[in-house]
Amino acid sequence: WLIGTGEYLSTFRADLQREALDWISTIRFGLNGYMMIIADDGTVLVSPGNPDAQGRIYRTLQDPREQALIEQIMTLGREGGGFFEYEWFRPEDVQRQLPQSKLAYVAHMPQWNWTVAAGLYLDDLETTLAQQRAVNQNSLRGRVSTAVLIVLLAAAAAALFSALHARWMKSLITGYRRDLLARTQALQQSTAALDDARSMAGREADERRAAEARLRYVSEHDELTDLPNRTLLRDRLVQALAAAAHAGHRVAVLFLDVDRFKTINDSLGYQDGDRILREVAQRLCQALRPDETVSRYGGDEFVVLLPLLERSHQAAVTAERLAQAVSQPYRLDNDEVLVLTLSIGVSIYPEDGQDADTLLRSAALALADAKDEGRNSYRLFTPEMDARAHERLSLENRLRRALEQGEFELYYQPQFCIAGRTLIGYEALVRWRSNGVLVSPGQFIAVAEECGLILPLGAWVLEEACRCNQVWRAAGLPVRPVAVNLSAVQFRRRAVVAAVAQALQLSGLPANCLELELTEGMLMEDIAQSRVDLRELKDMGVRLAVDDFGTGYSSLSYLKRFPLNTLKIDRSFIQDLPGDHDDAAITTAIIRLAKSLGLTTVAEGVETEAQRALLLAEGCDCLQGYLWGRPVPAAELEALLRQGLPQEMAKVAMA
């Protein structure tokens, strides 16, 4: 736009000047009166008296008298213009030997950098008068015989005519002058209009440039924090890598994630969450040097660019400084104090990548490793992380094929009454048989949750568990409630009630023959919605259990808010019993708490008789573990149900 506007005004102005020159060159005053125009740089633009001079610098003209005259005209124009008389040659005087008196008016046009002069020969007027006098004299001599009175009258008439003619000529010259002034003023007004248009175009160009600069700034910065966004970050990273390759120094990329910020955001609300993110951004900026960049990469993720790194350990020092800056307490509006932590992944050029994309990917892998190791820490990228990422991707692809090809199956681990070995239920556990080999759930459940495959897999587990239990029930077997674990991803989608209702409807299984196991963290993500969902499930008749109790939030308030049936004591509290007194105290407290609330307790991971004896003495209701029953395929559980003997079932399960 800027270039286009400039070219348009310039072309328009040149056309207007050219038309004005053409018009002025045709103007004549009397016999030999005309106008001359000289540019401020000395170029003769219009010279009817000497057409050869047009287009030339006046100093290059051959006649020094013409040079001097033009210099005099330009000087008068610079001083404000006006009338002046001078001596010059007529056009027919080619040899320029007889100069004649001329009267000229000079004006300067600063808008176009022109000096305009209009002149005529004074003796043209005298010549006209002389010619008329000669005619009168000839006429007078031809009539000598005429009476003296007639001669006198004729002479008087001739004199009167001459005076009137001279007066008319004078008025004509005055009119020429007025016309010249009017035309000059019109040209000046046109020039002023052009100047106004040029000024307006300049203002519009400035406004466009400002708008473009603002648009460019907005496109390169985050709206919430005003930090550079990922687009600007990548540009700076590419530039830093080019400079590092030339100078031979290192570049570091730090990938930052605010730990558990989603939970904090859901608890405080998005307005307070945004305010905290802005303060986090401000603290990160204050902890960095001017040549270092912090970018908001998205959500609660930030990326820091260290463009001038001499040693690798400087990146670790910076990571610790950033973590310390962010971990300082945040004071909320209600005077509560919030403490945040960071997980940080670090990659370094040239060891961990030669280009921007590779460095960002390496830092992201290191961040994932820091989060897997418990968060609130930093990790430097290692090649093993890349290998694990490839393995993870391969595992994800294999999982997709496994779902399509039906490679998953259910195992069931029995749950017994701790006092009499009576079968009270069984937990459905998904297994993956890949190429004839069972893959541990610990190897694929987390990957399935991250890539979203847990949703179709979880739906299949729920429907298959209900289907099998209904098949056994229809066959007259003494079935018990089948327990199915729900993943956090399933529960977070808020479609659990519909999925359970569909599974029960498709299978025909009564709702009281199904128990759903949920974790504390799942319930606490959105307490209000969790209460609604659990109440609907409870009204359907489904049993509800809290899995791994004591390892999550352990908020006693939710136990009375939610319509629960069972508390499952996590195996981490059971495995060191009876020797660990702390675990024994925690287990006893959980059992007593559950009894006071009317909840059934199930101890997970019971493997020794000593553990069972302690749990029995403390009042635990049920157990689940290798002591009495390992997970078995559906066919084996069906066989045990057909026997109908819990004692024999335990013996077979232990084999």
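For the sequence shown, my numbering puts the final residue at 1097, and the numbers step up evenly by one.
No residue lacks a Cβ here, since even glycine has one placed at the ideal position from N, Cα and C.
Query	Result
Bounding residues of the beta strand (DSSP E) (the contiguous stretch that carries I896)	Run containing I896: none in the beta strand (DSSP E); it sits in the alpha helix (DSSP H), I896 to A916.
C-alpha gap between Q459 and A653, whole angstroms	34 Å
Boundaries (first-last residue) of the beta strand (DSSP E) holding R875	L865 to S876
Spatial neighbours of R773 in its chain, beta-carbon cut-off 7 Å, leaving aside the 5 residues before and after	V779
7 Å CB neighbourhood of R725 in its chain, flanking five on each side removed	A767 and V768
Residue closest to Q847, alpha-carbon to alpha-carbon, out of A805, F858 and R875	R875
Boundaries (first-last residue) of the beta strand (DSSP E) holding C1064	C1064 to Q1066
Reduced DSSP category for I480 - H, G, I as helix; E, B as strand; rest coil	strand
Inter-stretch contact at 8 Å, needing at least 3 Cβ pairs: the segment 706-718 / the segment 799-809	no
For G741 and N954, the rounded distance between their alpha carbons	42 Å
Coil, strand or helix - S489 by DSSP	coil
Among A970, A628 and A1059, the one whose alpha carbon lies nearest that of D708	A970
Buried versus exposed, by CB contacts within 10 Å (16 or more), V558	buried
Close beta carbons around L675, own chain, < 7 Å, minus the five adjacent residues each side	T735, S737, V745 and L747
Nearest candidate by alpha-carbon position, reference C1062, set E869, K813 and K1010	K1010
Anticipated Cβ contact below 8 Å, L562 with F471, distance rounded	5 Å
Rounded separation between L852 and P771 - CA only	47 Å
Where F531 falls, given that 16 or more other Cβ within 10 Å makes a residue buried	buried
Simplified DSSP assignment, three categories, for I1016	helix
Contact the segment 857-873 vs the segment 835-847: 3+ CB pairs below 8 Å	no
Three or more C-beta pairs below 8 Å linking the segment 783-796 and the segment 696-713	yes
C-beta atoms of Q912 and L951 nearer than 9 Å	yes
Rounded separation between R891 and A844 - CA only	The amino acid at residue 891 is misidentified as Arg; the sequence shows Glu. Between E891 and A844, the C-alpha separation is close to 15 Å.
Residue-chain proximity (P1075, chain E), Cβ-Cβ < 9 Å	In the displayed structure, chain E is absent; only one protein chain is listed.
Extent of the continuous alpha helix (DSSP H) run through H1099	Outside the shown range of the chain (443 to 1097) lies residue 1099, about which nothing can therefore be said.
V984 to I1032 span [Cα, whole Å]	23 Å
Helix, strand or coil at G519 [DSSP, three-state]	helix
Beta-carbon gap between Q509 and L503 smaller than 9 Å	yes
Inter-residue spacing [alpha-carbon to alpha-carbon] between M516 and D668	59 Å
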